[in-house]
Structure formats: structure tokens, C-alpha cells
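*Asks:* Taken in order, these protein sequences are the chains called A and B.
Going by full-length UniProt numbering, the first residue of the first sequence is number 1, and it counts up by one from there.
Going by full-length UniProt numbering, the first residue of the second sequence is number 1, and it counts up by one from there.
Submitted below is the structure of interest, expressed as C-alpha cells.
2 protein chains.
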Amino acid sequence: MTTGDAPQGRDDGTSGGSGGRPGPPPDDARPATLRDVATLAGVSVPTASKALNGRPDVRESTRRRVEDAAARLDFTPNTLAQGLSARRSGTVGLLTSDLDGRFSIPVLMGAEDAFGFERTAVLLCDARGDAIREQHHLRALLARRVDGLIVVGERPDVRASLGRVPVPVVYAYAPSDDPADCSLVSDHEGAGRLAVEHLLATGRRCVGHISGDPGYGATRDRAEGARAALASAGLELAGGRPLLGAWSEEWGRGATRSLLRAEPGLDAVFAGSDQVARGVLDALREEGRRVPDDVAVVGVDNWEAVATGARPALSTVDLDLQHLGRVAAQRLQAAMGGSPSRGVERLPGRLVVRASSAPRG
Amino acid sequence: MTTGDAPQGRDDGTSGGSGGRPGPPPDDARPATLRDVATLAGVSVPTASKALNGRPDVRESTRRRVEDAAARLDFTPNTLAQGLSARRSGTVGLLTSDLDGRFSIPVLMGAEDAFGFERTAVLLCDARGDAIREQHHLRALLARRVDGLIVVGERPDVRASLGRVPVPVVYAYAPSDDPADCSLVSDHEGAGRLAVEHLLATGRRCVGHISGDPGYGATRDRAEGARAALASAGLELAGGRPLLGAWSEEWGRGATRSLLRAEPGLDAVFAGSDQVARGVLDALREEGRRVPDDVAVVGVDNWEAVATGARPALSTVDLDLQHLGRVAAQRLQAAMGGSPSRGVERLPGRLVVRASSAPRG
DNA sequence: TTGTACGCGTTATCAA
DNA sequence: TTGATAACGCGTACAA
Numbered sequence: 001m002t003t004g005d006a007p008q009g010r011d012d013g014t015s016g017g018s019g020g021r022p023g024p025p026p027d028d029a030r031p032a033t034l035r036d037v038a039t040l041a042g043v044s045v046p047t048a049s050k051a052l053n054g055r056p057d058v059r060e061s062t063r064r065r066v067e068d069a070a071a072r073l074d075f076t077p078n079t080l081a082q083g084l085s086a087r088r089s090g091t092v093g094l095l096t097s098d099l100d101g102r103f104s105i106p107v108l109m110g111a112e113d114a115f116g117f118e119r120t121a122v123l124l125c126d127a128r129g130d131a132i133r134e135q136h137h138l139r140a141l142l143a144r145r146v147d148g149l150i151v152v153g154e155r156p157d158v159r160a161s162l163g164r165v166p167v168p169v170v171y172a173y174a175p176s177d178d179p180a181d182c183s184l185v186s187d188h189e190g191a192g193r194l195a196v197e198h199l200l201a202t203g204r205r206c207v208g209h210i211s212g213d214p215g216y217g218a219t220r221d222r223a224e225g226a227r228a229a230l231a232s233a234g235l236e237l238a239g240g241r242p243l244l245g246a247w248s249e250e251w252g253r254g255a256t257r258s259l260l261r262a263e264p265g266l267d268a269v270f271a272g273s274d275q276v277a278r279g280v281l282d283a284l285r286e287e288g289r290r291v292p293d294d295v296a297v298v299g300v301d302n303w304e305a306v307a308t309g310a311r312p313a314l315s316t317v318d319l320d321l322q323h324l325g326r327v328a329a330q331r332l333q334a335a336m337g338g339s340p341s342r343g344v345e346r347l348p349g350r351l352v353v354r355a356s357s358a359p360r361g
Numbered sequence: 001m002t003t004g005d006a007p008q009g010r011d012d013g014t015s016g017g018s019g020g021r022p023g024p025p026p027d028d029a030r031p032a033t034l035r036d037v038a039t040l041a042g043v044s045v046p047t048a049s050k051a052l053n054g055r056p057d058v059r060e061s062t063r064r065r066v067e068d069a070a071a072r073l074d075f076t077p078n079t080l081a082q083g084l085s086a087r088r089s090g091t092v093g094l095l096t097s098d099l100d101g102r103f104s105i106p107v108l109m110g111a112e113d114a115f116g117f118e119r120t121a122v123l124l125c126d127a128r129g130d131a132i133r134e135q136h137h138l139r140a141l142l143a144r145r146v147d148g149l150i151v152v153g154e155r156p157d158v159r160a161s162l163g164r165v166p167v168p169v170v171y172a173y174a175p176s177d178d179p180a181d182c183s184l185v186s187d188h189e190g191a192g193r194l195a196v197e198h199l200l201a202t203g204r205r206c207v208g209h210i211s212g213d214p215g216y217g218a219t220r221d222r223a224e225g226a227r228a229a230l231a232s233a234g235l236e237l238a239g240g241r242p243l244l245g246a247w248s249e250e251w252g253r254g255a256t257r258s259l260l261r262a263e264p265g266l267d268a269v270f271a272g273s274d275q276v277a278r279g280v281l282d283a284l285r286e287e288g289r290r291v292p293d294d295v296a297v298v299g300v301d302n303w304e305a306v307a308t309g310a311r312p313a314l315s316t317v318d319l320d321l322q323h324l325g326r327v328a329a330q331r332l333q334a335a336m337g338g339s340p341s342r343g344v345e346r347l348p349g350r351l352v353v354r355a356s357s358a359p360r361g
């Protein structure tokens, strides 16, 4: 209702027969087409098209008439029809495996806003981690003639390539097993290094590592990063090796207690996730250690609710998955434009310092 | 030009000039069209169409030939073209306001799987809570000729209606302010009743309510449900009134301590969210109360990571937002089919009992 | 049973 | 500068 009377009255008067009174405007009217605009402006359809698309070979006065008519009819070009002749849908598919997971969402958000929605819309499908369903969705997306595809894995480990697909594909979060594909992942090893270097910088010397499921590649990578950072300072992990278990608070608590028994002088813990870190913090408090005065703690994920609700607030490595999603979208656009990338690209996280790793003092 | 030489080179041999050797198949070939299929099968395009669409008026042997040809060419009908003539895109828009929020995701998942993806795909857009951007996205969705629209609000409060839109709209999670629209929301009052009735059933008599932001309608509704349930049993809220503050653990801890001072006999707390409930649990433990032996606790949300990580595991009301999303999709499909609903429909949650509210014993 | 003709809404080409 | 014509890929009415 902004401008006034725009929409329906395309046919002023002509509609005659059906309704009778001019009262309730026939809003069942279908959206205005270019032909409606052309007719109203008194030009041919192609001319109307050129005028609205800002092509130079059209008289100014004509263009004005057409634009006017378009505005009056609230004309919006039918994207499907445009796509049909242009042979592109202006659409990309987002094939995810775990919408419920916390990880695919930021990636998805980043991707979604990297494409200006005007030009490229996002078709969402969640395969629920089922390969069959994924194939199903893939076919459906191709039937819709998506111009490209982003595949978001459910966990940060290598996954099966989609294989030959007639449109460009970018893998995000979980890399493809085919090195010819383009994949974007977080630098987990770098995350481990980042965390431990920070702990060392605050003067810690006895640094343990408690992390989650040893089956995850990210678990191993983060541990390796931690080990390397310590090695550069001539140190080793407290306890001699990382304590790997599950991505849960409970594991964090239990592992912390064993580690304290083995290394009473412990003055820092790098936890493999914020959830694990929560467990670490709780166990430390209950064992009478003060954080950060006695022991500093750093997690991974920067899961807001968890990190800021912790006591004290948790320092953590933010993997910046939203940025990862944005970059994925950029790579995909480049590929759609004819400049594909290939191989695995690792994106760095960034440290978010809160109270749990403040320097002693 | 009608039948003779289809597009280019997909047909064996003729491509000649460019490549040279017949080695690598020209996979840059555009997807097969119905015309390609018809040509290969030696029939006309409409016949091929009928054959593939299972229409009866086609000889069996012909149908076989066509299906065969389609399979050989890996033919997939172009949904855009189908939609163009059918005047429907087979697409619905999902207009959300806070992808990062935990609440819109389940709704979105439910909606996504209620539409069989084959027939209806979901176009995702996140307005980031910005009304301008929402208008933008709305226009873009309409340009893509979505057949319907689901609007997922960012918090469980009344939001502005989109107003007149040429396709059916369903509001989920946050209801529209226009009673003529169709809205689906959680029954927050019912959730409060559910929680308190459960606490009473386990023998509790001194029940407090600690909840979040008093500006939320859901906060008031849950409190009212709690009050009503107590009243039915001839009781009042411990402390005389609900303690409202913020959706944080910290608030949960602080409020719990005040409540214990005011009501030393407290034997149950209904927390307005799982996060608040976590704070309640921690404070109770630190004040020396055992859960559930001394005090039982029930939350709202069934936020897995939070509820199962709690000590003890947290009983909670699951609002079943995924189901809400499914129902929203069903209502939308009905509306698209010509049978619109209107008004606000409230969907019940369900109680998930864990250790924190086990009967004393 | 099969094919011809046409429409869906838009853009590109080329002649006027 | 403008418009007739064709094409994009498919479905449907109707004639053969």
C-alpha cells in the first residue's frame, strides 16, 4: 500500500463482466507480465524489455513511458522465464547434512549473505546424513537447474565427493576426498597452535590438552597443533599425551581430575571444545583450583551461550565458520564465472580472550 | 529446424570440428532436453512428454522406446520450464529472521522435510531481523514466483504482518499481528502448566518460578500457566511471584539464591529456559541442596547440549519446534491448494523427564 | 495412437 | 529507435 493504487488494476475498466461493481479489486489477478507493461505503454514487448533493462538503443521518452507503466502495474520480471532463456536459474543449492548441528548453520549464513539475494537465491536441502537422500536431493537440485552447489558436511572430516556433476561444486567444513574438488575447511592445527601459544604467552608452562572424540580428524589436528606449539618452546604436553574421549562436559570433568592427579603442577588446559572446557572449568573449581589464577583454560568454538555462561567466561578459538561460508560462496561464484579453484583451502580461526586465560596477577 | 538437428554435438559424430579425437566425451554438453529424447526415440516432442508422464494414450512399445532414450541421455525435465507453463515454481520461500538463533532452525527443518523435496523446494532467506531487508527478500522471492511463504520470527512474540501478498503465507513461531493471517505458535501457557503439574505430581509443594526477559510474551504466558496449575492445587508460587530477569545462567544463579533466602522450604523450581535452569542447578548445588532429593528442577526448550550436560540431567519441556515447522508446512500446502486457515494455532509441548525431577526416594 | 499448433514470460537477433 | 521473429524447454488441446 505504499504508493497507492498500484497492483491489481492492470485492466482498468476492461475486466467488466465478472465482478460487477468496481469495489473489491480482483486481487486474484496474476502478476503483471512484460506484455501487460508493453500494452499499457503502447510499445512492443521487446522494446519494453530493452527499456526496462537499461539498454541504450531506446528513446528516452519511450523508456519513461515504459518505466511508468511498469511501476503502475507493479511489474516484477518473472525470474523463471528469464532463467529459461538465459539458461541459468540464478539459484544455487545448499546441500547440508546436519541442519540441527551448530556448525553448518554459520557456514550456511555466511554463504547465504555472500550471494546478494537479488541475483542468487539459495535452495536449501538437508540430507540428514543419509547418502541415499543426498543423491535424491542432488537430482532434484539439478532438475531445478541450480547454477552451482555448496556441500556442507556434518563433521570436519573428509567426505565422499559427489563425483561428476554438471555444475561447479564447493565443499565446506568437511573436505571432499577428491583432490580435484574445491574444499574449504578450518585450520584445526592452527587453532591448536593459537590456543597454546596464547597460554604460553600468559606465562603458563605446564599445559595439558583435553579433547573429544579421537575419531575426528579435527581432534588429531588440534592436538598436533598444541604439541607443535609446545615443542617450539621446548616443552611437552602435561601428562605426556592429549586426553581424548568425547565432546561432553562429563568427559571434560573426568579427564581434568585424572590430569590433576598425574600433574599436580598443572597451570593450563587447552580444551578441544567449549563444551569440554565447561567440564574442565567445573572440575577445576570443585578441586579447589582458581581460574585463571592457578590454571588457565582455553576452548574451541566460541559457542556464545556456553562460553559466556561459564565461570569465569571462557577464552576460546573462534573458527569463524561464517567467514568460511562466505569464502565458499566466493569460490563458487568464481567457479560459476569460469575460474574454478581446486584442492583444500584452510582458513584460520581467531582467538577470543576472556577471563579464563587472563594473565596471572 | 523443427526436428532435424537438435542442439549441438550431443549426438555422436556430428560434433566433428572442435575436439578432434572422440576420446573425452563432451561433458560440457548442456543437459538433455525433451527434444533430444524425442529425436533419439524417433517420436515427436509431445509424444515423448506423454510417454514420460505416464499418460495412458501412448502405445506401450513407444513408451518403452522413449523411456529408454530418456535413460540413455540421463534426461531430467527442466523444472523451470515446467513451472513456466504450469504457472507454479514448485518452490516456497522461507523467510527467517535469525538463522543463528536456536529456535528458527528446528522450525525450518520441520518445514523442509514436510515438503517432499521432489515437488517443493525451499528457498531460504535470512532477513537478520531487519525490516528493510525483509521487504527486499520478499520482493526477490515473489520475483522467483514462489508458490507460498513461511515466515519464521526471531522471538515468540507478535510480529508485523507482511500485509497483502499474492501468495499464501504462514507465520511460524512468532504470530502475525493480523488475525486474518495464519499463525502457528507454541503453547507457552500450556508449557508452564505441564511443568508445574509434573512437579506437583512428584510430591512438591513449594514451587518457585525463575524465568527470563519479562519483555517476552512467552515469559508471561509460561508464568501464567505455572500460576494456574498451582492454583488448581490450591497453592501459590513460592515467593509470591515469578522472578523474571534475563535468559542467562547468571540470572538463574542469582535468582535462586534470593529465592532460597525468601523460601527456605523451597522444594521445586520451574525455570523458564534450560539456560536459566542450569544456573538454578549450579546455585542449588553450591547452596548445599541436593537435586532432585531436596529440590526438583524443570526447564524449557530441551536444548540437548545444555540439558544432558547438566548435573543432574535436566527435565524440561520440549516445545517440539520441528513439529511446529511441519504443521506450518502442512497449513501452507493446504492454503496453496485452496484451503487456507486463519488465526493463531497453538501447538503443545511435551515433557521430557530426566533426573532433575525424579520423585524423591 | 500420434503429431501439429500454441502458450508460458523473457531476451536476442536482425530487419525495417 | 522500433518491432517482427525466433528461441529457451515443457505441457496441453485438438486435429489427424
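Ideal Cβ positions, reconstructed from N, Cα and C, are used throughout, including at glycine.
Note that the coordinates shown come from a computational prediction; the quantities given were computed from them, not determined experimentally.
Provide the residue(s) that pair with ARG346 (chain A) in DSSP beta bridges, ordered along the chain.
*Replies:* In the first sequence, residue 346 (chain A) corresponds to position 346, counting from 1. Looking at the DSSP assignment, ARG346 (chain A) forms a beta bridge with A:VAL185.
*Asks:* Closest by CA to HIS188 (chain B), which one among B:LEU347, B:SER356 and B:ALA328?
*Replies:* For the purposes of this step, residue 188 (chain B) is taken as the residue at position 188 of the second sequence. When only C-alpha atoms are compared, the closest one is B:LEU347.
*Asks:* Given that THR79 (chain B) touches chain A, what residues does it touch there, using C-beta distances under 8 angstroms?
*Replies:* Residue numbering aside, residue 79 (chain B) sits at position 79 when the second sequence is read from its first letter. Those are ALA143, ARG144 and ARG145, listed as they occur along chain A.
*Asks:* May I ask you to report which of helix, strand or coil DSSP gives GLY291 (chain B)?
*Replies:* Counted from its first residue, the second sequence places residue 291 (chain B) at position 291. Reading the sequence as shown, one finds Val at residue 291 (chain B) and not Gly. DSSP places VAL291 (chain B) in coil when its eight states are reduced to three.
*Asks:* Nearest by alpha-carbon distance to ARG145 (chain A): which of A:ALA229, A:THR91 and A:GLU154 is it?
*Replies:* Stepping through the first sequence from its first residue, residue 145 (chain A) is reached at position 145. Comparing Cα-Cα distances from ARG145 (chain A) to each of A:ALA229, A:THR91 and A:GLU154, the minimum goes to A:THR91.
*Asks:* Which value, in whole angstroms, describes the spacing of the CA atoms of ALA195 (chain A) and SER357 (chain A)?
*Replies:* One-based indexing of the first sequence puts residue 195 (chain A) at position 195. One-based indexing of the first sequence puts residue 357 (chain A) at position 357. One C-alpha to the other measures close to 10 angstroms.
*Asks:* In three-state terms, what does DSSP make of ALA296 (chain B)?
*Replies:* Within the second sequence, numbered from 1, the residue matching residue 296 (chain B) stands at position 296. It is a strand residue.
*Asks:* Using a Cβ-Cβ cut-off of less than 9 angstroms, give me the residues of the region 269–299 of chain B that come near chain A, in sequence order.
*Replies:* Here the close residues are GLN275, ARG278, GLY279 and ASP282.
*Asks:* In or out: GLU236 (chain B) buried (at least 16 other Cβ within 10 Å) or exposed?
*Replies:* For the purposes of this step, residue 236 (chain B) is taken as the residue at position 236 of the second sequence. The residue in question, GLU236 (chain B), is exposed, as its Cβ has fewer than 16 Cβ neighbours within 10 Å.
*Asks:* Tell me whether the beta-carbon of SER211 (chain B) lies closer than 8 angstroms to the beta-carbon of ALA271 (chain B).
*Replies:* Counting from one through the second sequence, the residue named residue 211 (chain B) turns up at place 211. Counting from one through the second sequence, the residue named residue 271 (chain B) turns up at place 271. Going by C-beta atoms, SER211 (chain B) is nearer than 8 angstroms to ALA271 (chain B).
*Asks:* Can you check DSSP and say which residues form a bridge with VAL43 (chain B)?
*Replies:* By one-based count along the second sequence, residue 43 (chain B) stands at place 43. Paired residues: none, contrary to the question.
*Asks:* Taking only runs of the alpha helix (DSSP H) that begin and end inside the region 88–115 of chain B, which ones reach a length of at least 4 residues, in chain order?
*Replies:* Within the region 88–115 of chain B, the complete alpha helix (DSSP H) runs of at least 4 residues are 104–114.
*Asks:* Within 10 Å of its beta-carbon, does SER89 (chain A) have 16 or more other beta-carbons around it, so buried, or fewer, so exposed?
*Replies:* Numbered from its first residue, the first sequence carries residue 89 (chain A) at position 89. Buried is the call here.
*Asks:* As a quick exercise: from B:LEU319, B:LEU324, B:ARG354 and B:PRO77, pick the residue whose alpha carbon is nearest that of VAL298 (chain B).
*Replies:* The residue given as residue 298 (chain B) occupies position 298 in the second sequence. It is B:ARG354.
*Asks:* Name, going along the chain, the residues of the region 222–250 of chain B whose beta-carbon falls closer than 8 angstroms to a beta-carbon of chain A.
*Replies:* So the list reads SER248, GLU249 and GLU250, given in the order they occur along the chain.
*Asks:* Return helix, strand or coil for SER211 (chain A), following the three-state DSSP convention.
*Replies:* Translated into positions along the first sequence, residue 211 (chain A) becomes position 211. Strand at SER211 (chain A).
*Asks:* Inspect the beta-carbon positions of ALA296 (chain A) and ARG205 (chain A) and report whether they are closer than 8 angstroms.
*Replies:* By one-based count along the first sequence, residue 296 (chain A) stands at place 296. By one-based count along the first sequence, residue 205 (chain A) stands at place 205. Not a contact, by the Cβ cut-off of 8 angstroms.
*Asks:* Strictly under 8 angstroms for the Cβ-Cβ distance: is residue 446 (chain A) near chain B by that measure?
*Replies:* An answer regarding residue 446 (chain A) cannot be provided, because it is not within the stretch 1 to 361 covered by chain A.
*Asks:* What residues of chain B sit near GLU67 (chain A), judged by a beta carbon separation below 7 angstroms?
*Replies:* Numbered from 1 along the first sequence, position 67 holds the residue referred to as residue 67 (chain A). In chain order: nothing, as chain B lies at least about 17 angstroms away.
*Asks:* Cα-Cα, which of A:ASP36, A:VAL122, A:VAL185 and A:ALA328 is closest to ASN78 (chain A)?
*Replies:* In the first sequence, the residue the question calls residue 78 (chain A) occupies position 78. Here the closest residue by C-alpha is A:ASP36.
*Asks:* What separation, rounded to the nearest whole angstrom, lies between the Cα atoms of GLY129 (chain B) and ASP100 (chain A)?
*Replies:* Residue 129 (chain B) sits at position 129 when you count from the first residue of the second sequence. Residue 100 (chain A) sits at position 100 when you count from the first residue of the first sequence. Roughly 21 angstroms between the two C-alpha positions.
*Asks:* Which residues bound the alpha helix (DSSP H) around GLY54 (chain B)?
*Replies:* Counted from its first residue, the second sequence places residue 54 (chain B) at position 54. Taken as a continuous stretch (DSSP letters only), GLY54 (chain B) belongs to no alpha helix (DSSP H), as it is neither H nor E.
*Asks:* Assuming GLY252 (chain B) and GLY215 (chain B) form a contact by the criterion Cβ under 8 angstroms, report the distance between their Cβ atoms to the nearest whole angstrom.
*Replies:* For the purposes of this step, residue 252 (chain B) is identified with residue 252 of the second sequence, where counting begins at 1. For the purposes of this step, residue 215 (chain B) is identified with residue 215 of the second sequence, where counting begins at 1. At roughly 17 angstroms, the Cβ-Cβ gap does not stay under 8 angstroms, so GLY252 (chain B) and GLY215 (chain B) are not in contact.
*Asks:* If the criterion is Cβ atoms closer than 8 angstroms, does the pair ALA143 (chain A) and THR76 (chain B) meet it?
*Replies:* For the purposes of this step, residue 143 (chain A) is identified with residue 143 of the first sequence, where counting begins at 1. For the purposes of this step, residue 76 (chain B) is identified with residue 76 of the second sequence, where counting begins at 1. Yes, the Cβ-Cβ distance between ALA143 (chain A) and THR76 (chain B) is below 8 angstroms.
*Asks:* Give, in chain order, every unbroken run of the alpha helix (DSSP H) that is at least 4 residues long and sits entirely within the region 128–205 of chain A.
*Replies:* Segments of the alpha helix (DSSP H) lying fully in the region 128–205 of chain A: 131–143 and 188–201.
*Asks:* Would you tell me roughly how many angstroms separate the C-alpha atoms of residue 366 (chain B) and THR308 (chain B), rounded to the nearest one?
*Replies:* Here chain B comprises residues numbered 1 to 361, so residue 366 (chain B) is not present and cannot be evaluated.
*Asks:* Excluding the 5 residues preceding and the 5 following ALA50 (chain B) in the sequence, name in chain order all residues of the same chain whose CB lies nearer than 8 angstroms to its CB.
*Replies:* Within the second sequence, residue 50 (chain B) is the residue found at index 50, counting from 1. Note that residue 50 (chain B) corresponds to Lys in the displayed sequence, not to Ala. Taken in chain order, the residues that qualify are ASP57 and VAL58.
*Asks:* At a Cβ cut of 9 angstroms, what residues of the region 314–339 of chain B count as close to chain A, listed as they run along the chain?
*Replies:* So the close ones are GLN322.
*Asks:* Could you have a look at VAL353 (chain A) and say whether DSSP puts it in helix, strand or coil?
*Replies:* Here residue 353 (chain A) refers to the residue found at position 353 of the first sequence. Three-state DSSP puts VAL353 (chain A) in coil, outside helix and strand.
*Asks:* How is THR256 (chain B) classed by DSSP in three states: helix, strand or coil?
*Replies:* On the second sequence, residue 256 (chain B) is found 256 positions in, with the first residue counted as 1. Correct three-state label for THR256 (chain B): helix.
*Asks:* Since ASP157 (chain B) and GLY217 (chain B) are thought to touch, with beta carbons under 8 angstroms apart, how far apart are those beta carbons, to the nearest angstrom?
*Replies:* Your numbering for residue 157 (chain B) matches position 157 in the second sequence. Your numbering for residue 217 (chain B) matches position 217 in the second sequence. That pair is a contact at about 5 angstroms.
*Asks:* Which value, in whole angstroms, describes the spacing of the CA atoms of VAL291 (chain A) and TYR171 (chain B)?
*Replies:* For the purposes of this step, residue 291 (chain A) is taken as the residue at position 291 of the first sequence. For the purposes of this step, residue 171 (chain B) is taken as the residue at position 171 of the second sequence. If I take the Cα positions, the gap works out to 46 angstroms.
*Asks:* Under 8 angstroms Cβ-Cβ, which residues of chain A neighbour HIS209 (chain B)?
*Replies:* As a first step, residue 209 (chain B) is located in the second sequence; it is residue number 209 there, counting from the start. In chain order: nothing, as chain A lies at least about 20 angstroms away.
*Asks:* So which residues on chain B does GLU125 (chain A) lean against when the C-beta distance must stay under 8 angstroms?
*Replies:* Walking along the first sequence from the start, residue 125 (chain A) turns up at place 125. Note that residue 125 (chain A) is Cys in the sequence shown, not Glu. Chain B residues near CYS125 (chain A): GLU112, PHE117, ALA121 and VAL122.
*Asks:* Should LEU52 (chain B) be flagged as near chain A, meaning a C-beta pair shorter than 8 angstroms?
*Replies:* Within the second sequence, numbered from 1, the residue matching residue 52 (chain B) stands at position 52. So, not an interface residue.
*Asks:* Which first and last residues belong to the alpha helix (DSSP H) in which ALA70 (chain A) is found?
*Replies:* Start at 1 with the first residue of the first sequence, and residue 70 (chain A) comes out as number 70. That run of the alpha helix (DSSP H) goes 60–72.
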